[in-house]
Amino acid sequence: MEEVKLIGTWPSPFSYRVIWALKLKGIPYEYIEEDLSNKSPMLLQYNPLHKKIPVLVHGGKPICESAVILQYIEDVWPQNPLLPNDPHERAVARFWVQFAENKVPCIWRLFRTTGGEEQEKAKKESMEMLRALEEHGLRDKKFFGGDKIGIADIAFGQVAHWLEMIEDLVGVKLIEAHTFPHLHAWTKNFKQVPIIKENLPDYGEMLMYFKRARDNFLASRGPGM
Amino acid sequence: MAEEVKLFGGMWASLYSRRIEIALKMTGVQFEFIEEDLQNKSPLLLQYNSIHKKVPVLLHNGMPIAESLIILEYINETWPDNPILPRDPYDRAMARFWARFIDEKLIWVSWDAYRSKEEDQGKAIEEACKQLKALENELKEKEFFGGDTVGYLDIAAIMVASWFGVMQEVMKVELLTEENFPNLCQWVEKFVDCPIVKECLPHKEKMVEFIRVLLKDFLASR
Numbered sequence: 087m088e089e090v091k092l093i094g095t096w097p098s099p100f101s102y103r104v105i106w107a108l109k110l111k112g113i114p115y116e117y118i119e120e121d122l123s124n125k126s127p128m129l130l131q132y133n134p135l136h137k138k139i140p141v142l143v144h145g146g147k148p149i150c151e152s153a154v155i156l157q158y159i160e161d162v163w164p165q166n167p168l169l170p171n172d173p174h175e176r177a178v179a180r181f182w183v184q185f186a187e188n189k190v191p192c193i194w195r196l197f198r199t200t201g202g203e204e205q206e207k208a209k210k211e212s213m214e215m216l217r218a219l220e221e222h223g224l225r226d227k228k229f230f231g232g233d234k235i236g237i238a239d240i241a242f243g244q245v246a247h248w249l250e251m252i253e254d255l256v257g258v259k260l261i262e263a264h265t266f267p268h269l270h271a272w273t274k275n276f277k278q279v280p281i282i283k284e285n286l287p288d289y290g291e292m293l294m295y296f297k298r299a300r301d302n303f304l305a306s307r308g309p310g311m
Numbered sequence: 029m030a031e032e033v034k035l036f037g038g039m040w041a042s043l044y045s046r047r048i049e050i051a052l053k054m055t056g057v058q059f060e061f062i063e064e065d066l067q068n069k070s071p072l073l074l075q076y077n078s079i080h081k082k083v084p085v086l087l088h089n090g091m092p093i094a095e096s097l098i099i100l101e102y103i104n105e106t107w108p109d110n111p112i113l114p115r116d117p118y119d120r121a122m123a124r125f126w127a128r129f130i131d132e133k134l135i136w137v138s139w140d141a142y143r144s145k146e147e148d149q150g151k152a153i154e155e156a157c158k159q160l161k162a163l164e165n166e167l168k169e170k171e172f173f174g175g176d177t178v179g180y181l182d183i184a185a186i187m188v189a190s191w192f193g194v195m196q197e198v199m200k201v202e203l204l205t206e207e208n209f210p211n212l213c214q215w216v217e218k219f220v221d222c223p224i225v226k227e228c229l230p231h232k233e234k235m236v237e238f239i240r241v242l243l244k245d246f247l248a249s250r
């Protein structure tokens, strides 16, 4: 099998998406940690357009954008499939992956707020996004993929683990058992899946890392926001 | 069982819907086109795409699929005799990467460039040209993004083939020039000349007039 490398950054949720997919399929790979404050020539060569992680390098050929990487992994290594067999269900799974790309970033907008109108707006958007997941995406299934996790669960991993950190730092509570019963259960079930459980950034360390990042961001923005 | 394929789409100027029309015609699938009035969305559309409430939506034997790029993947998998996605997984990943790039970055950056005030325009145009250059390099000397024939990425790039030319005329800002982007411009000519694309693509002059009316308040304020 050709060599597989993953260029990622701890504790990026996008890095972890690819780690989960590779591990769920049992694909051996070399992990390369990238320092985003000092981007390597390798990253700039493999992702000249966006200069971002994660990048999967398979047989020397780079694939960028985690959602594209997930589909690539599924295409090349069909064991332990992340997509259902049925074409319509596959389209639904892809729909939710795209939804994750387009709508979940609002939680990171919330992460960057301190209060006021900006925070209210980000909170409202985040709640709407979660409502869509609860009522249309997950409904009464255990996972987005049904009985076991699939590509959509992986795409929403941020909501299971990183959102809690955002809630703690910003001082808001979004997912509660009485407001989003299915989603609340899903966050627990997702993190109990053995491969996921073994491959999550330590919560305390992650909290410290993102607190520092948030403090730096807010300091650089200046007062009056 | 006879297949029932319906496409809920926007009126003639709606390019995302044209993507699906082109793909369905290339596949040879018989379908019914149902035009949605986006100012007055039908209960059916709101039911089939309850999350985004947008067109296009493909309905296949009663099952809805939303989001144009996802519909293209569905068409590719469901009617595989005339595949629009490359077979090789790496080529496929590249096609997906660039299609998302067009939808999520290029269009928005270019829109900024077209509508920016004079003082901000230089920077916006520079950014848009950088992105167009990346797409130009991806195309290289190929006839189409898909190789010898029109494929998924060509269909996704309908925005480049149609919208850029229209915006250039309406906003009087040059972005996609032959001098700077010879490959892309040549691709546009070949793409719009394909029989199926010609059938589906809105006529440029008609589109220019339509966009002029749509943007008349914006244009008047400039």
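Which chain is which? The protein sequence lines are A and B, in order. Be aware that the first sequence starts at 87, since it is given in our numbering, and climbs by one per residue. Be aware that the second sequence starts at 29, since it is given in our numbering, and climbs by one per residue. Beta carbons are placed, not taken as given, at the ideal position from N, Cα and C, and that holds for glycine.
Report the CB separation of residue i from residue j in whole angstroms; it is logged as a contact under 8 Å.
i	j	result
I48 (chain B)	L86 (chain B)	6 Å
K252 (chain B)	F59 (chain B)	Residue 252 (chain B) is absent from the model: chain B starts at 29 and stops at 250.
I99 (chain B)	P84 (chain B)	6 Å
V216 (chain B)	V188 (chain B)	7 Å
I183 (chain B)	I135 (chain B)	Not quite, the Cβ-Cβ distance comes to about 15 Å (not below 8 Å), so this is no contact.
S78 (chain B)	H222 (chain A)	7 Å
Does the beta carbon of residue i sit closer than 7 Å to a beta carbon anywhere in chain B?
i	result
Y132 (chain A)	no
V154 (chain A)	yes
P267 (chain A)	no
H222 (chain A)	yes
K147 (chain A)	yes
Q184 (chain A)	yes
Y158 (chain A)	yes
A218 (chain A)	yes
Closer than 7 Å, CB to CB, is residue i near chain A or not?
i	result
F59 (chain B)	no
For residue i, go through chain B and note every residue whose CB falls closer than 9 Å to its CB, in chain order.
i	result
F181 (chain A)	I79, I93, A94, E95, I98
V141 (chain A)	Ordered by position in chain B, no residue passes the 9 Å Cβ test against V141 (chain A), which lies about 11 Å from the chain.
Could you tell me whether any non-hydrogen atom of the ligand PLP is closer than 6 Å to the CB of residue i?
i	result
K244 (chain B)	The ligand content of the structure shown is nil, which means the ligand PLP is not present either.
Would you mind telling me which residues of chain B sit closer than 7 Å to residue i, beta carbon to beta carbon, in chain order?
i	result
E151 (chain A)	F125, R128
Who are the Cβ neighbours of residue i in its own chain at under 6 Å, not counting the five residues just before and after it?
i	result
M311 (chain A)	In this prediction, M311 (chain A) has a pLDDT of 48, which is less than 50 and means its spatial position is unreliable; what the coordinates show is noted afterwards. So no residue of the chain qualifies.
V279 (chain A)	I235
L168 (chain A)	E160, G236, I237
P71 (chain B)	none
E291 (chain A)	none
In terms of alpha-carbon separation, which member of the options lies closest to residue i?
i	options	result
F181 (chain A)	A:I193, A:G231, A:R195, A:G145	A:G231
P170 (chain A)	A:W248, A:A238, A:M294	A:A238
T205 (chain B)	B:S96, B:E147, B:L160, B:V83	B:L160
S152 (chain A)	A:L108, A:M128, A:Q165	A:L108
E233 (chain B)	B:F209, B:P210, B:Q196, B:K218	B:Q196
K5 (chain B)	B:F209, B:R250, B:K244, B:G38	Residue coverage of chain B in this structure runs from 29 to 250, which leaves residue 5 (chain B) outside it and unanswerable.
P92 (chain B)	A:F197, A:E175, A:E120	A:E175
W96 (chain A)	A:E88, A:A208, A:E119, A:E89	A:E119
H88 (chain B)	A:P173, A:M213, A:G146	A:P173
L203 (chain B)	B:V137, B:M122, B:G90	B:V137
K147 (chain A)	B:G150, B:D140, B:P71, B:D119	B:D119
Q214 (chain B)	B:K168, B:I183, B:H80	B:K168
Y102 (chain A)	A:S306, A:K283, A:G308	A:K283
L304 (chain A)	A:P164, A:F242, A:N285, A:L196	A:L196
D109 (chain B)	B:W126, B:V57, B:A185	B:V57
T251 (chain B)	B:I239, B:E147, B:E31, B:W139	This structure cannot speak to residue 251 (chain B), because chain B is shown only from 29 to 250.
P114 (chain A)	A:F100, A:G145, A:E89	A:E89
Give the residues of chain A in contact with residue i, contact being defined as C-beta atoms less than 9 Å apart.
i	result
Y102 (chain B)	P173, H174, R176, A177, R180
A162 (chain B)	P134, L135
Spatial neighbours of residue i within its chain, please: CB distance less than 8 Å, with the 5 preceding and 5 following residues excluded, ordered by chain position.
i	result
L135 (chain A)	C150
R143 (chain B)	M199, F246
M235 (chain B)	A41, S190, V194
D226 (chain A)	H268
G38 (chain B)	Y44, S45, E63, E64, L66, V83, P84
R300 (chain A)	F197, R198, L255
F129 (chain B)	Q159, A162, L163
Within its chain, find whatever has a CB closer than 7 Å to the CB of residue i; leave out the 5 residues flanking it on each side and keep chain order.
i	result
I155 (chain A)	V104, P140, L142, I149
I224 (chain B)	I50, K53, M54
L269 (chain A)	L216, L219, E220, L224, I261
N166 (chain A)	L110, K111
K297 (chain A)	L255
Please compile the residues from chain B whose C-beta is within a distance smaller than 8 Å of the C-beta of residue i.
i	result
Y102 (chain A)	Correct list: empty, because the minimum Cβ distance to chain B is about 20 Å.
D161 (chain A)	P117, R120, A121
Find the residues of chain A that neighbour residue i, judging by a C-beta separation of less than 8 Å, and give them in chain order.
i	result
T19 (chain B)	Nothing can be reported for residue 19 (chain B): it is not among the residues displayed for chain B, which extend from 29 to 250.
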